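Engineer:
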Amino acid sequence: MNSDAFMARALELAQAGEGYTSPNPMVGAVIVRDGRIIGEGFHARPGEAHAEVAAIENTREPIAGAEMYCNLEPCSHSTPHKRTPPCADRLIRENIRKLYVATVDPNPHVNGSGIAALRRAGIEVEVGCLSERALWLNETYFKYIQTGLPFVHLKMALSVDGRIATRCSDSKWITDGEARRQVHELRHRYDAVLVGLNTVRSDDPQLTVRLTSGKQPWRIVLDEHLEIPPEANLLRGEQRAKTLIFTTPAHDPARRARIEAGGTAVQVVAADPQGWVDLPAVLRELGSRGISSLLVEGGAGVFTGFIRQRLFDKLSIYIAPIIIGAGIEAVGDLGVRKISQAVRLQHTVYQVVNQQIRVQGYRNLEDTFRTLTGNVPCLQELSRISAASAR
Ligand code: AOF
Ligand code: ZN
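With the first letter of the sequence shown counted as 1, position 305 gets the number 699 in this note's numbering; the numbers rise by one all the way through.
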């Protein structure tokens, strides 16, 4: 096995924590001696061992002089909220000979200092192995740790003529079971799922993970006047305590009291000039509650708001082979008058999912991943990707 293969194994291990590590990243580590893996570990959830320490603790053999592969730079800080001791110190104590990391950790408390500490202690560090894969794996972490705002992913299910529902708001089902199962997988990976009041009214969704096993996300509703029907699924069942309704100061306090008495939280934020819930305020509030990733499931008004205000990071569209005709357009007016003003996605990927095509792309890779650390291989890789997808 060469170094790419060992790093690929670290990435595979990292993914075992998918859906559970937030707001921490997914991290995997392997320890190698004489070309043979002698220890493996991954970060399972916040508060538990970091990947490097898990790998060390899973090894019976001595590790002094061995190599380690880890997809993220080892942490080096002990701030008041830090749950575990710094991994860099542990690697130095264990006397490993060389460390391969895929990317730096853009956490402002780390940001190169873990690598610097190891090098000062005489440990060789090589940065950049499989860095692109490591970036995609932790895209939500990279956004959140540098901005305090959740990574926002818009998910749409469309007819070929670009509708998300009929003129009577019927949308069940545009896409088939496999596409919907993928969406449940996405819900498991995201901290929260968001919809607008219109979607609650017309679909009465549960927004839970049912078509696959996994973690239940927070369920967020935008409802400027608190008109959500009291019998809505989101306000019932044991998940109602994991529902959060955003409203504006124009809401009716009696309705708020009723919702809260039922066990669901309400958060008041500013209204935007149209009287709708101010989206930047929603994102700031979610970020301060530790929600690092948000899957937006509609409807049209919500999609339009996130796109118009350039508040999304990623978009996934499932296009199904049906024609609805007059109906509800996925996205309304964005103020675009010339094609040159249109939102052009970067790094688009197309995949056939049964009868559907899934189109995925990013709004702006550099906004999502930032450039805190400047001249590091993972960011050079990013500039290459975004240059290739710009026209
Ligand atoms: C690593 N390996 O497996 C992870 C890292 O509160 P703590 O102690 O869990 O620390 C969280 C921070 O540690 C997180 O923000 C990120 O900078 C880093 N995560 N680092 O070396 C790991 N999960
Ligand atoms: Zn650590």
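Cβ coordinates follow ideal geometry from the N, Cα and C atoms, glycine included.
Here the structure is a predicted model, which means the values were calculated and not measured.
List the whole-angstrom C-beta distance separating Leu628 from Val594, where the pair is believed to meet the contact cut-off of C-beta under 8 Å.
Structural biologist: 6 Å
Engineer: Is it the case that the Cβ atoms of Ser553 and Ala714 are separated by a distance below 9 Å?
Structural biologist: yes
Engineer: Pick out whichever of Ile722, Ala528, Asp646, Thr641 has its Cα sitting closest to the Cα of Gly695.
Structural biologist: Ile722
Engineer: For a test of the three-state rule: what should DSSP assign to Asn459, helix, strand or coil?
Structural biologist: Reading off the sequence, residue 459 comes out as Gly, not Asn. In this structure, Gly459 counts as coil in the three-state DSSP scheme.
Engineer: Let me know the secondary structure DSSP gives Val770 once reduced to three states.
Structural biologist: Low confidence applies to Val770: its pLDDT is 48, below 50, so where it sits in the model is not reliable, and the reading given next is rough at best. Of the three classes helix, strand and coil, the one that applies to Val770 here is coil, per DSSP.
Engineer: Report the rounded CA-to-CA distance for Thr742 versus Arg652, giving the unit in angstroms.
Structural biologist: 45 Å
Engineer: Going by the CB atoms, is the gap between Val426 and Ala460 shorter than 9 Å?
Structural biologist: Yes, these two residues count as a Cβ contact at 9 Å.
Engineer: Between which two residues does the alpha helix (DSSP H) holding Ile383 run?
Structural biologist: What is shown of the chain runs 395 to 785, which leaves residue 383 out entirely.
Engineer: For the alpha helix (DSSP H) holding Thr670, just list the boundary residues, first then last.
Structural biologist: Checking the sequence shown, residue 670 turns out to be Trp, not Thr. From DSSP, Trp670 is part of no alpha helix (DSSP H); its letter is neither H nor E.
Engineer: Would you say Val424 and His471 are within 9 Å of each other, going by their C-beta atoms?
Structural biologist: The Cβ atoms of Val424 and His471 do not sit closer than 9 Å to each other.
Engineer: May I ask which residues mark the beginning and end of the beta strand (DSSP E) holding Glu518?
Structural biologist: For Glu518, the enclosing beta strand (DSSP E) stretches over residues 518-521.
Engineer: Does the pairing of the stretch 573-590 with the stretch 609-619 give three or more beta-carbon distances under 8 Å?
Structural biologist: Output reads yes: the stretch 609-619 touches the stretch 573-590.
Engineer: Compute the Euclidean distance between the alpha carbons of Ala675 and Ala665, then round it to the nearest angstrom.
Structural biologist: 9 Å
Engineer: Given that a residue counts as buried once 16 or more other Cβ atoms are within 10 Å of its Cβ, and exposed if not, what is Met395?
Structural biologist: exposed
Engineer: Following the continuous alpha helix (DSSP H) through Arg652, name the residue where it begins and the one where it ends.
Structural biologist: 647-655
Engineer: In terms of alpha-carbon separation, which member of Arg513, His578, Thr497, Asp707 lies closest to Cys523?
Structural biologist: Thr497
Engineer: Which residue comes first and which comes last in the beta strand (DSSP E) that contains Lys549?
Structural biologist: 545-553
Engineer: To the nearest angstrom, how far is it from the Cα of Ala635 to the Cα of Ala410?
Structural biologist: 27 Å
Engineer: CB-CB under 7 Å to Asn769, same chain, minus the five flanking residues each way: which ones, in chain order?
Structural biologist: With a pLDDT of 44 at Asn769, under the threshold of 50, the modelled position of this residue cannot be trusted, and the question is left open.
Engineer: Measure how close the beta-carbons of Pro544 and Ser686 come, nearest whole angstrom, since I'm counting them as under 8 Å.
Structural biologist: The Cβ separation is near 6 Å, so the contact holds.
Engineer: Can you name, in chain order, every residue of its own chain whose Cβ lies under 6 Å from the Cβ of Arg785, other than the five neighbours on each side?
Structural biologist: Bear in mind that a pLDDT of 45 at Arg785, under 50, signals an unreliable position, so the number given afterwards is only what the model happens to contain. The answer is none, since no qualifying residue turns up.
Engineer: Measure the C-alpha to C-alpha separation of Thr602 and Arg575 and round it to an integer number of angstroms.
Structural biologist: 11 Å
Engineer: So, are the CB atoms of Gln750 and Thr569 less than 9 Å apart?
Structural biologist: yes
Engineer: For Ala404, which residues in the same chain have their Cβ closer than 7 Å to its Cβ, ignoring the five residues on either side in sequence?
Structural biologist: Gly422, Ala423, Val424, Tyr463, Cys464, Asn465
Engineer: Specify the secondary structure class of His741 as computed by DSSP and reduced to three states.
Structural biologist: strand
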